[in-house]
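Asks: Chain order of the listed sequences is A and B.
Each residue of the first sequence is one higher than the last, beginning at 1 in the UniProt record's numbering.
Each residue of the second sequence is one higher than the last, beginning at 1 in the UniProt record's numbering.
Glycine is no exception: its CB is placed at the ideal position from the N, C-alpha and C atoms.
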Amino acid sequence: MPGPDLLSSQGLRLDGRRPNELRRIRCKLGVFTQPDGSAYLEQGNTKVLAAVYGPHQAAKSKMSTEGVVVNCQYSMATFSTGERKNRPRGDRKSQEMSLHLRQALSSAIKTELYPRSQIDIYIEVLQADGAAFCASVNAATLALIDAGVPLRAYACACTSSVAWRGSQPEPLLDVGHVEEAAGGVCLTVAALPSTGSIALLEMSHRLHMDYFEVVISRAMQGCRDIEVILDKAVREHLAEGWTKQDIVTI
Amino acid sequence: MQIDKEESKQTTEDIKICIPGMRISASNKETISGAGTYELDGYIYTYLAGILKSQYDEVKKVNILSIESPKSPSVLPQMGDIATARVIAINSRLVQCQILCVGPTVLARPYRGILKKEDIRDMDKDRIDPYKCFRPGDVILARVLPMTELHAYHLSTAENELGVVIATAEGSPQGVSMVPISWSEMQCPTTLNKEPRKVARVIPETINKEFVFASQPELGKS
Numbered sequence: 001m002p003g004p005d006l007l008s009s010q011g012l013r014l015d016g017r018r019p020n021e022l023r024r025i026r027c028k029l030g031v032f033t034q035p036d037g038s039a040y041l042e043q044g045n046t047k048v049l050a051a052v053y054g055p056h057q058a059a060k061s062k063m064s065t066e067g068v069v070v071n072c073q074y075s076m077a078t079f080s081t082g083e084r085k086n087r088p089r090g091d092r093k094s095q096e097m098s099l100h101l102r103q104a105l106s107s108a109i110k111t112e113l114y115p116r117s118q119i120d121i122y123i124e125v126l127q128a129d130g131a132a133f134c135a136s137v138n139a140a141t142l143a144l145i146d147a148g149v150p151l152r153a154y155a156c157a158c159t160s161s162v163a164w165r166g167s168q169p170e171p172l173l174d175v176g177h178v179e180e181a182a183g184g185v186c187l188t189v190a191a192l193p194s195t196g197s198i199a200l201l202e203m204s205h206r207l208h209m210d211y212f213e214v215v216i217s218r219a220m221q222g223c224r225d226i227e228v229i230l231d232k233a234v235r236e237h238l239a240e241g242w243t244k245q246d247i248v249t250i
Numbered sequence: 001m002q003i004d005k006e007e008s009k010q011t012t013e014d015i016k017i018c019i020p021g022m023r024i025s026a027s028n029k030e031t032i033s034g035a036g037t038y039e040l041d042g043y044i045y046t047y048l049a050g051i052l053k054s055q056y057d058e059v060k061k062v063n064i065l066s067i068e069s070p071k072s073p074s075v076l077p078q079m080g081d082i083a084t085a086r087v088i089a090i091n092s093r094l095v096q097c098q099i100l101c102v103g104p105t106v107l108a109r110p111y112r113g114i115l116k117k118e119d120i121r122d123m124d125k126d127r128i129d130p131y132k133c134f135r136p137g138d139v140i141l142a143r144v145l146p147m148t149e150l151h152a153y154h155l156s157t158a159e160n161e162l163g164v165v166i167a168t169a170e171g172s173p174q175g176v177s178m179v180p181i182s183w184s185e186m187q188c189p190t191t192l193n194k195e196p197r198k199v200a201r202v203i204p205e206t207i208n209k210e211f212v213f214a215s216q217p218e219l220g221k222s
């Protein structure tokens, strides 16, 4: 089956990774003091800042008696992409991303605990090098944990694509900008890996049903890998906080 | 990667750090879920990041598992709670307040509250004048009523123990709070001005003045 040549003859990808390798993820919790919770996350060259405010009393128009209203704003810095953007937010793509973020994060937050309240999540993409949405979900999860918002589980997101080795499909994990631009499918999965449930699923192109299984299982594996990384970051952050406070161990 | 995992394991054994969505125990007669945890399908999961605490309840003979988090999750005013509020504005029908504390906990952000004219006191309801019961800036104790309207919490001071706790008389220096002289009047100790208020009969044990000041540093300082 013809497709863009994403794998070299040695089986390495354009940026030298193996098909099942993530890009390097570096993250930090509590980067700001003004919001209730904040986080910075780097996934390869994709860099994202997240800030969380709330829960606080909701605006009249948004209020719901069932649970907390999650308000997301996704914005890409004008210098984040190769070509300078003229609108950081409010364009179609950003609005769509905001809606997707809201869906992915609402499923992770225990919304029923705070009726008539609202949580604001602000995402700023500083540099977009593929999978900016995934980095946003992961950063927002860290920011929510930093804010002390009750979460059912971690929400992690990952992309996967597919390359062809002869006629055999080889799923690629964590698609970079170059691979994204080369065409071919890009499957975005936002999941709660510890429960195994999927919060959001999006695919950019068409893919034959027969190959879908391998691609989504690779993406889910990526979500689980990311969860381990985020988990470690949270533990380090907490341990740091506790050594400062000098709490008696149990 | 392998070494890192081992390291994190060691720290978790020293002080049991929990992350959201972690299954910490089965839920049965001996162990039940406490603050920061939730039950699902017979297991207890955490919903906050923090340290695991296990407390034994002598009366019920159960272990309560709870999470102690560096940032405690914010609380919401619940029906029946005693709220500490500051009066913002008054009109002839209702009093607008800002709920600052619920019970012993200080809210991270103030919530809007409304005290309707008929909820100010129990007796002589049709002759209540809100202007003679409260002034803007007063700190009051009030009970949270069930939610009927969507956008604000309804409050009531229709009990002897509820009403104005801290108030400054008109023209008095800031920080000099009036002393109650009857259930409907307060007097300033410096200017000896008397002003009408719906006074709360504060029982010394239930209200600690330092606590009220601690929640509003700007009042305590001046």
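Taking all protein chains shown into account, do 16 or more other C-beta atoms lie within 10 angstroms of the C-beta of Thr46 (chain A), making it buried, or fewer, making it exposed?
Replies: Position 46 of the first sequence, counting from 1, holds the residue named residue 46 (chain A). That one is buried.
Asks: Using Cβ-Cβ distances below 8 Å, what residues of the stretch 141-153 of chain A are close to chain B?
Replies: Correct list: Ile145, Asp146, Ala147, Gly148, Val149, Pro150, Leu151, Arg152 and Ala153.
Asks: What are the boundary residues of the alpha helix (DSSP H) that Ile145 (chain A) is part of?
Replies: As a position in the first sequence, residue 145 (chain A) is number 145, starting the count at 1. Run containing Ile145 (chain A): Ala132 to Ala147, per the alpha helix (DSSP H) assignment.
Asks: Which residues does DSSP pair with Cys72 (chain A) in a beta bridge?
Replies: Counting from one through the first sequence, the residue named residue 72 (chain A) turns up at place 72. Bridge partners of Cys72 (chain A): A:Ile121.
Asks: List the endpoints of the continuous alpha helix (DSSP H) containing Ala181 (chain A).
Replies: Counting from one through the first sequence, the residue named residue 181 (chain A) turns up at place 181. First-last of the alpha helix (DSSP H) with Ala181 (chain A): His177 to Ala181.
Asks: Cβ of His177 (chain A) less than 8 Å from any chain B Cβ?
Replies: One-based indexing of the first sequence puts residue 177 (chain A) at position 177. It does not; no Cβ of chain B falls within 8 Å.
Asks: Could you confirm whether any beta carbon from chain A is found closer than 8 Å to the beta carbon of His151 (chain B)?
Replies: By one-based count along the second sequence, residue 151 (chain B) stands at place 151. Closer than 8 Å to some Cβ of chain A, the Cβ of His151 (chain B) qualifies, so yes.
Asks: Pull up the CB-CB distance for Leu155 (chain B) and Val144 (chain B), whole angstroms please, since I reckon it's below 8 Å.
Replies: Taking the second sequence and counting its residues from 1, one reaches residue 155 (chain B) at position 155. Taking the second sequence and counting its residues from 1, one reaches residue 144 (chain B) at position 144. Confirmed, Cβ separation roughly 6 Å.
Asks: Applying a beta-carbon distance threshold of less than 7 Å, which residues of chain B neighbour Gly241 (chain A)?
Replies: Locating residue 241 (chain A) in the first sequence gives position 241, counting from the first residue. Correct list: Pro70.
Asks: Mapping DSSP to helix, strand and coil, what is Gly220 (chain B)?
Replies: Counting from 1 along the second sequence, the entry for residue 220 (chain B) is found at position 220. Because the pLDDT of Gly220 (chain B) is 46, which lies under 50, any placement of that residue in the model is unreliable, and the number read from its coordinates should be weighed accordingly. Correct three-state label for Gly220 (chain B): helix.
Asks: For His100 (chain A), is the classification buried or exposed, using 16 other Cβ atoms within 10 angstroms of its Cβ as the cut-off for buried?
Replies: Here residue 100 (chain A) refers to the residue found at position 100 of the first sequence. Buried: at least 16 other Cβ atoms inside 10 Å.
Asks: Residue ranges of each beta strand (DSSP E) run of no fewer than 3 residues wholly in the stretch 90-172 of chain B, ordered along the chain?
Replies: Segments of the beta strand (DSSP E) lying fully in the stretch 90-172 of chain B: 94-102, 105-116, 139-144, 153-156 and 163-166.
Asks: Using a beta-carbon distance below 8 Å, is Leu238 (chain A) in contact with chain B?
Replies: Your numbering for residue 238 (chain A) matches position 238 in the first sequence. Leu238 (chain A) counts as touching chain B.
Asks: Report yes or no: is there a C-beta of chain A within less than 8 Å of the C-beta of Ile64 (chain B)?
Replies: Here residue 64 (chain B) is taken as the residue at index 64 of the second sequence, counted from 1. Output row for Ile64 (chain B): interface = no.
Asks: State the DSSP-derived secondary structure class of Ile82 (chain B), mapped to helix, strand or coil.
Replies: Counting from one through the second sequence, the residue named residue 82 (chain B) turns up at place 82. Three-state DSSP puts Ile82 (chain B) in a strand.
Asks: Using a beta-carbon distance below 8 Å, is residue 309 (chain A) in contact with chain B?
Replies: It is not possible to answer for residue 309 (chain A), since the shown part of chain A is limited to 1 through 250.
Asks: State the DSSP-derived secondary structure class of Tyr47 (chain B), mapped to helix, strand or coil.
Replies: Walking along the second sequence from the start, residue 47 (chain B) turns up at place 47. Residue state, collapsed to three classes: coil.
Asks: So for Gln221 (chain A), helix, strand or coil by DSSP?
Replies: The residue given as residue 221 (chain A) occupies position 221 in the first sequence. In this structure, Gln221 (chain A) counts as helix in the three-state DSSP scheme.
Asks: If the cut is a Cβ gap below 8 Å, which residues of chain A does Gly50 (chain B) touch?
Replies: Locating residue 50 (chain B) in the second sequence gives position 50, counting from the first residue. Simply Leu238.
Asks: Which class does Gln103 (chain A) belong to by DSSP, given the choice of helix, strand or coil?
Replies: For this step, residue 103 (chain A) is matched to residue 103 along the first sequence. Correct three-state label for Gln103 (chain A): helix.
Asks: Give me the residue from B:Ile64, B:Ile99, B:Ala49 and B:Lys61 with the minimum Cα distance to Val75 (chain B).
Replies: For the purposes of this step, residue 75 (chain B) is taken as residue 75 along the second sequence, with counting starting at 1. The shortest C-alpha separation from Val75 (chain B) is found at B:Ile99.
Asks: Would a check of beta-carbon distances place Ser74 (chain B) closer than 8 Å to chain A?
Replies: Translated into positions along the second sequence, residue 74 (chain B) becomes position 74. Closer than 8 Å: yes.
Asks: May I have a chain-ordered list of the beta strand (DSSP E) segments no shorter than 3 residues that lie completely inside the stretch 147-210 of chain A?
Replies: Listed in chain order, they are 156-165, 168-173, 186-192 and 197-203.
Asks: At a threshold of 7 Å, does Arg109 (chain B) count as lining the ligand MG (C-beta to nearest heavy atom)?
Replies: By its list of ligands, the structure shown contains no ligand whatsoever, and the ligand MG lies outside what it can speak to.
Asks: Pop quiz: Val214 (chain A) and Pro169 (chain A) are said to be a contact at Cβ under 8 Å. What is the actual Cβ separation, rounded to whole angstroms?
Replies: Here residue 214 (chain A) refers to the residue found at position 214 of the first sequence. Here residue 169 (chain A) refers to the residue found at position 169 of the first sequence. Going by Cβ atoms, the distance from Val214 (chain A) to Pro169 (chain A) rounds to 6 Å, so yes, they are a contact pair.
Asks: Do three or more CB pairs link the stretch 150-164 of chain A to the stretch 184-194 of chain A at distances below 8 Å?
Replies: With a cut-off of 8 Å, the stretch 184-194 of chain A and the stretch 150-164 of chain A count as touching, because enough Cβ pairs lie within range.
Asks: Could you check if Glu240 (chain A) is buried or exposed, using at least 16 other CB atoms within 10 Å of its CB as the buried criterion?
Replies: As a position in the first sequence, residue 240 (chain A) is number 240, starting the count at 1. So Glu240 (chain A) ends up on the exposed side.
Asks: Can Ile121 (chain A) and Val70 (chain A) be called in contact, C-beta distance under 8 Å?
Replies: Looking up residue 121 (chain A) in the first sequence gives position 121. Looking up residue 70 (chain A) in the first sequence gives position 70. Yes; because the gap between Cβ atoms is below 8 Å, this pair is in contact.
Asks: So that I know if they touch, is there some Cβ in chain B lying closer than 8 Å to that of Lys60 (chain A)?
Replies: Numbered from 1 along the first sequence, position 60 holds the residue referred to as residue 60 (chain A). Lys60 (chain A) counts as touching chain B.
Asks: State the CB to CB distance for the pair Asp174 (chain A) and Cys158 (chain A), rounded to an integer number of angstroms; the pair is presumed to be in contact (CB under 8 Å).
Replies: Counted from its first residue, the first sequence places residue 174 (chain A) at position 174. Counted from its first residue, the first sequence places residue 158 (chain A) at position 158. The pair is a contact, with the Cβ atoms about 6 Å apart (cut-off 8 Å).
Asks: Does the separation of the CB atoms of Arg197 (chain B) and Phe134 (chain B) fall below 8 Å?
Replies: Numbered from 1 along the second sequence, position 197 holds the residue referred to as residue 197 (chain B). Numbered from 1 along the second sequence, position 134 holds the residue referred to as residue 134 (chain B). The answer is yes: Cβ separation under 8 Å.
Asks: Using the C-alpha atoms, what's the distance from Leu201 (chain A) back to Ile25 (chain A)?
Replies: For this step, residue 25 (chain A) is matched to residue 25 along the first sequence. For this step, residue 201 (chain A) is matched to residue 201 along the first sequence. Computed Cα separation, rounded: 22 Å.
Asks: Any beta carbon of chain B sitting closer than 8 Å to that of Asp231 (chain A)?
Replies: Counted from its first residue, the first sequence places residue 231 (chain A) at position 231. Chain B, which has a Cβ nearer than 8 Å to the Cβ of Asp231 (chain A), makes this yes.
Asks: How many Å lie between Leu192 (chain B) and Ser182 (chain B) at the Cα?
Replies: Here the question's residue 192 (chain B) lines up with position 192 in the second sequence. Here the question's residue 182 (chain B) lines up with position 182 in the second sequence. Roughly 14 Å between the two C-alpha positions.
Asks: By Cβ distance below 8 Å, which residues in the same chain neighbour Ile128 (chain B) in space, the five residues on each side in sequence not counted?
Replies: Within the second sequence, residue 128 (chain B) is the residue found at index 128, counting from 1. Here the set comprises Lys117, Glu118, Ile120 and Arg121.
Asks: Let's see if you can read the secondary structure: which residues bound the beta strand (DSSP E) around Gly37 (chain A)?
Replies: As a working note, residue 37 (chain A) is residue 37 in the first sequence. Counting along the chain, the beta strand (DSSP E) containing Gly37 (chain A) begins and ends at Gly37 to Gln43.
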